[in-house]
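Chains as they are written, first to last, in my numbering: chain A, 154 to 448; chain B, 154 to 448.
Below you'll find the structure, written out as structure tokens, and then a few comments.
2 protein chains.
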Amino acid sequence: MALIGKLVVCGVGLIGGSFALALRRAGAVDRIVGVGRSMASLQRACELGVIDEATTEWRAALDGADLVLLAAPVGQMDAIMAAMAPHLGPQTVVTDAGSTKRDVIEAIYRHLGARLANVVPAHPIAGAERSGVEAAFPSLYDGKKLVVTPLPENAPGAIERVRAAWAACGALIHQMSPAEHDRVFAAVSHLPHLLAFGLVHDLAGRANAEQLFGYAASGFRDFTRIAGSHPEMWRDICIANRQALLGELDQYLAELAYLRALLMAGDASRLEQLFDEARRARNAWAEQQTNIVSE
Amino acid sequence: MALIGKLVVCGVGLIGGSFALALRRAGAVDRIVGVGRSMASLQRACELGVIDEATTEWRAALDGADLVLLAAPVGQMDAIMAAMAPHLGPQTVVTDAGSTKRDVIEAIYRHLGARLANVVPAHPIAGAERSGVEAAFPSLYDGKKLVVTPLPENAPGAIERVRAAWAACGALIHQMSPAEHDRVFAAVSHLPHLLAFGLVHDLAGRANAEQLFGYAASGFRDFTRIAGSHPEMWRDICIANRQALLGELDQYLAELAYLRALLMAGDASRLEQLFDEARRARNAWAEQQTNIVSE
Numbered sequence: 154m155a156l157i158g159k160l161v162v163c164g165v166g167l168i169g170g171s172f173a174l175a176l177r178r179a180g181a182v183d184r185i186v187g188v189g190r191s192m193a194s195l196q197r198a199c200e201l202g203v204i205d206e207a208t209t210e211w212r213a214a215l216d217g218a219d220l221v222l223l224a225a226p227v228g229q230m231d232a233i234m235a236a237m238a239p240h241l242g243p244q245t246v247v248t249d250a251g252s253t254k255r256d257v258i259e260a261i262y263r264h265l266g267a268r269l270a271n272v273v274p275a276h277p278i279a280g281a282e283r284s285g286v287e288a289a290f291p292s293l294y295d296g297k298k299l300v301v302t303p304l305p306e307n308a309p310g311a312i313e314r315v316r317a318a319w320a321a322c323g324a325l326i327h328q329m330s331p332a333e334h335d336r337v338f339a340a341v342s343h344l345p346h347l348l349a350f351g352l353v354h355d356l357a358g359r360a361n362a363e364q365l366f367g368y369a370a371s372g373f374r375d376f377t378r379i380a381g382s383h384p385e386m387w388r389d390i391c392i393a394n395r396q397a398l399l400g401e402l403d404q405y406l407a408e409l410a411y412l413r414a415l416l417m418a419g420d421a422s423r424l425e426q427l428f429d430e431a432r433r434a435r436n437a438w439a440e441q442q443t444n445i446v447s448e
Numbered sequence: 154m155a156l157i158g159k160l161v162v163c164g165v166g167l168i169g170g171s172f173a174l175a176l177r178r179a180g181a182v183d184r185i186v187g188v189g190r191s192m193a194s195l196q197r198a199c200e201l202g203v204i205d206e207a208t209t210e211w212r213a214a215l216d217g218a219d220l221v222l223l224a225a226p227v228g229q230m231d232a233i234m235a236a237m238a239p240h241l242g243p244q245t246v247v248t249d250a251g252s253t254k255r256d257v258i259e260a261i262y263r264h265l266g267a268r269l270a271n272v273v274p275a276h277p278i279a280g281a282e283r284s285g286v287e288a289a290f291p292s293l294y295d296g297k298k299l300v301v302t303p304l305p306e307n308a309p310g311a312i313e314r315v316r317a318a319w320a321a322c323g324a325l326i327h328q329m330s331p332a333e334h335d336r337v338f339a340a341v342s343h344l345p346h347l348l349a350f351g352l353v354h355d356l357a358g359r360a361n362a363e364q365l366f367g368y369a370a371s372g373f374r375d376f377t378r379i380a381g382s383h384p385e386m387w388r389d390i391c392i393a394n395r396q397a398l399l400g401e402l403d404q405y406l407a408e409l410a411y412l413r414a415l416l417m418a419g420d421a422s423r424l425e426q427l428f429d430e431a432r433r434a435r436n437a438w439a440e441q442q443t444n445i446v447s448e
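Below you can see the structure in the form of structure tokens.
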């Protein structure tokens with residue numbers, strides 16, 4: 154008997170589609186139903202063999218469902234949960250793949266309050282340059298981190314089913330509180346994205362923008378790669394996690410104020426010391442990364 | 154007859170060594186003398202065939218020299234020019250490979266004032282992850298930009314000899330004023346380095362640094378790659394170009410203040426618009442890059 158009888162994936166793109174393909178590869182699922190707003194893209198997912206059935210109706214999708222993965226952009230979670238709530242039975246476990254947790258959890262309390270035992274928030278730390286169901290592949294999660302951020306109301310059995318599903322996808326299971334999750338990713342992911350978008354926007358608005366970009370080299374290319382990320386997705390993440398992100402931005406502004414003071418004073422030795430500490434920390438981290446993930 | 158009879162390279166590392174190898178590959182030089190502080194590393198350069206002779210004495214090095222390339226860290230330029238000045242004859246053309254120009258030019262006026270017609274500042278926009286003479290290779294400059302930043306006092310023939318030498322190395326010759334050069338590179342190179350060093354230093358100093366780095370992924374890796382750069386070199390660049398760099402940092406701080414205000418206000422639509430403009434500019438630039446250079 155498979156781990157999951159009926160799996161429902163809402164948002165069959167890179168993340169949701171790869172989850173479906175990984176569970177299928179593991180023989181961990183019997184039947185996969187895709188649900189979404191666009192029948193055309195769901196039918197493409199059927200053609201690609203990512204899902205078995207497609208529907209735009211939550212009632213049909215949730216009937217007899219064992220596990221639901223919500224893999225839509227976090228900005229759509231509120232509307233999705235409102236739509237699914239009337240049809241969600243007590244036997245179904247729900248999880249999500251949102252990059253932020255506080256806002257998803259607020260939506261859970263708002264709409265799925267009657268089912269809190271079975272709604273277990275999580276976040277797979279994986280991704281790729283391309284998006285959409287065409288980009289999905291079964292090994293996306295191999296060796297990648299899955300952070301499960303349980304609610305106090307979650308039933309231990311529900312948490313275990315979510316962990317087991319992601320483990321079957323090849324992911325390494327980590328657990329932390331939602332608030333801790335949002336602080337950590339504000340620092341190492343959301344802030345760098347904001348900073349990269351900001352630098353490119355700043356330079357692109359200059360009168361000599363063309364000249365500036367003309368002399369940009371590989372350091373600039375790598376530093377700004379994440380400024381090529383999806384604007385809507387990152388708008389949602391930044392807004393959803395803006396409390397933690399503002400805290401990180403303010404810490405970074407304090408760091409820049411210190412760097413500015415060193416430059417003003419021409420303090421070469423403290424500047425070199427700071428650069429040296431940064432290089433050591435960065436290189437020590439890079440050496441530990443044997444299996445770095447995209448996001 | 155070769156373009157250059159006797160070439161002197163001061164600082165036979167990646168940059169100076171590759172210049173020597175590229176000119177040799179082009180058949181553009183008869184004899185190459187390396188000069189530096191460490192006889193051991195110069196002898197290594199001899200063994201590798203990068204230079205023909207090594208000396209620590211400027212008198213011997215400059216005797217009959219046609220062209221001198223100063224390829225030492227910019228922080229050493231003042232001492233180097235002071236040492237070479239008494240031995241520099243009127244027939245020798247001097248250029249440099251410094252990443253900043255204002256400070257190099259200040260040193261030129263301080264020490265080589267009697268030879269201004271023949272001292273032509275320049276900056277090759279090329280580099281690699283590794284440094285030192287072992288990392289030097291003849292094709293480093295193929296298709297890369299060389300920015301020559303002539304002084305008003307430069308003789309046209311001297312400028313032309315510097316341009317011709319770099320063209321023989323395979324470089325594409327660009328020309329701008331020293332001040333313009335320093336402003337452009339403050340924006341697209343020096344500031345991103347400062348920002349990357351700052352972010353890693355900020356996070357490395359946190360009580361939960363290990364946890365933070367543990368969840369950092371590919372976006373963080375690329376954004377912070379330049380924080381692994383050489384601390385002494387970047388200290389020198391930041392100090393030397395701190396006037397332009399402070400200007401760029403202040404413009405960026407204004408951009409971050411705007412981003413902070415959008416986050417505080419929860420202004421999702423302006424945030425998305427900014428991200429979208431940044432993405433378009435970044436992608437348009439990236440598509441034009443067929444031959445992106447390291448630095």
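No residue lacks a Cβ here, since even glycine has one placed at the ideal position from N, Cα and C.
Unbroken alpha helix (DSSP H) run spanning residue i, endpoints
i, result
"A/R255", "R255 to H264"
"A/G169", "L167 to R178"
"A/V300", "Counting along the chain, A/V300 falls outside any alpha helix (DSSP H), though it belongs to the beta strand (DSSP E) covering K298 to V301."
"A/V353", "L344 to A357"
"B/L365", "A362 to G367"
"A/H334", "P331 to F338"
"B/R314", "P309 to A321"
Candidates the options, of which the one nearest residue i by Cα
i, options, result
"A/L416", "B/G166, B/C391, B/I258 and B/C199", "B/C391"
"A/T253", "A/A339, A/G351 and A/R433", "A/A339"
"A/H346", "A/L222, A/I379 and A/Q396", "A/I379"
"A/V161", "A/S171, A/T377, A/V221 and A/R197", "A/V221"
"A/L409", "B/G170, B/W319, B/P226 and B/L356", "B/L356"
"B/D256", "B/P309, B/L412, B/N361 and B/Q396", "B/Q396"
"B/S382", "B/N361, B/L348, B/R359 and B/L174", "B/L348"
"A/L223", "A/I168, A/R263 and A/G158", "A/I168"
"A/I278", "A/V272, A/V286 and A/Y294", "A/Y294"
"A/G419", "B/L176, B/G228, B/G217 and B/M192", "B/G228"
"B/C163", "B/G242, B/S284 and B/R190", "B/R190"
"B/D403", "B/R177, B/V165, B/L344 and B/L156", "B/L344"
"B/G285", "B/G323, B/L269 and B/A193", "B/A193"
Per-residue contacts from residue i into chain A (C-beta, under 7 Å)
i, result
"B/A175", "What B/A175 touches in chain A: nothing, since even the nearest Cβ is about 18 Å away."
"B/N436", "G381"
"B/R388", "A421, L424, E425 and F428"
"B/V353", "A431, A434 and R435"
"B/P384", "E425, F428, D429 and R432"
"B/Q404", "D355"
"B/H346", "G372"
"B/A301", "For clarity, residue 301 of chain B is Val in the given sequence; the question names Ala instead. Ordered by position in chain A, no residue passes the 7 Å Cβ test against B/V301, which lies about 13 Å from the chain."
Neighbour list for residue i in chain B, Cβ cutoff strictly below 7 Å
i, result
"A/R378", "D375"
Within chain B, the residues that residue i reaches when beta carbons sit closer than 9 Å
i, result
"A/S342", "Y368, A369, A370, G372 and F373"
"A/M417", "R395 and L399"
"A/I278", "Y368 and A370"
Interface partners of residue i on chain A, CB under 8 Å
i, result
"B/P305", "Within 8 Å Cβ-Cβ: nothing; B/P305 doesn't reach chain A, min ~22 Å."
"B/Q328", "None at all; the shortest Cβ gap to chain A is about 13 Å."
"B/K298", "Y368"
"B/L265", "Residues of chain A passing the Cβ test: none, with the nearest at roughly 24 Å."
Supposed contact pair residue j and residue i - C-beta distance, whole angstroms, cut 8 Å
i, j, result
"A/H327", "A/K297", "About 10 Å separates the two Cβ atoms, so there is no contact after all."
"A/F350", "B/A431", "4 Å"
"A/A421", "B/R388", "5 Å"
Bounding residues of the beta strand (DSSP E) (the contiguous stretch that carries residue i)
i, result
"A/D249", "V246 to D249"
"A/P277", "A275 to I278"
"B/C163", "I157 to C163"
"B/A207", "E206 to T208"
"B/L402", "Run containing B/L402: none in the beta strand (DSSP E); it sits in the alpha helix (DSSP H), R395 to A418."
"B/D183", "V182 to V188"
"B/Q383", "Rather than Gln, the amino acid found at residue 383 of chain B in this sequence is His. Run containing B/H383: none; DSSP gives neither H nor E here."
"A/V221", "L220 to L223"
"B/Q328", "L325 to Q328"
Within-8 Å CB hit, residue i to chain D
i, result
"A/C391", "Here the protein chains are A and B, and chain D is not one of them."
Heavy atom of the ligand ADP within 7 Å of residue i beta-carbon
i, result
"A/W387", "No copy of the ligand ADP appears in this structure; indeed no ligand is present at all."
Under 9 Å by beta carbon: chain A residues contacting residue i
i, result
"B/Q364", "M329, E333 and V337"
"B/R413", "L399, L402, D403 and L406"
With three or more beta-carbon pairs closer than 8 Å as the criterion, would you say the segment 182-189 of chain A touches the segment 240-255 of chain A?
no
Three Cβ pairs or more, each shorter than 8 Å: is that satisfied between the segment 235-246 of chain B and the segment 206-219 of chain B?
yes
Stretch-stretch touch, CB-based, cutoff 8 Å, three pairs: the segment 308-319 of chain A with the segment 198-208 of chain A:
no
Sufficient close CB pairs (3 or more, under 8 Å) joining the segment 173-184 of chain A to the segment 300-309 of chain A:
no
Three Cβ pairs or more, each shorter than 8 Å: is that satisfied between the segment 357-371 of chain B and the segment 358-377 of chain A?
no
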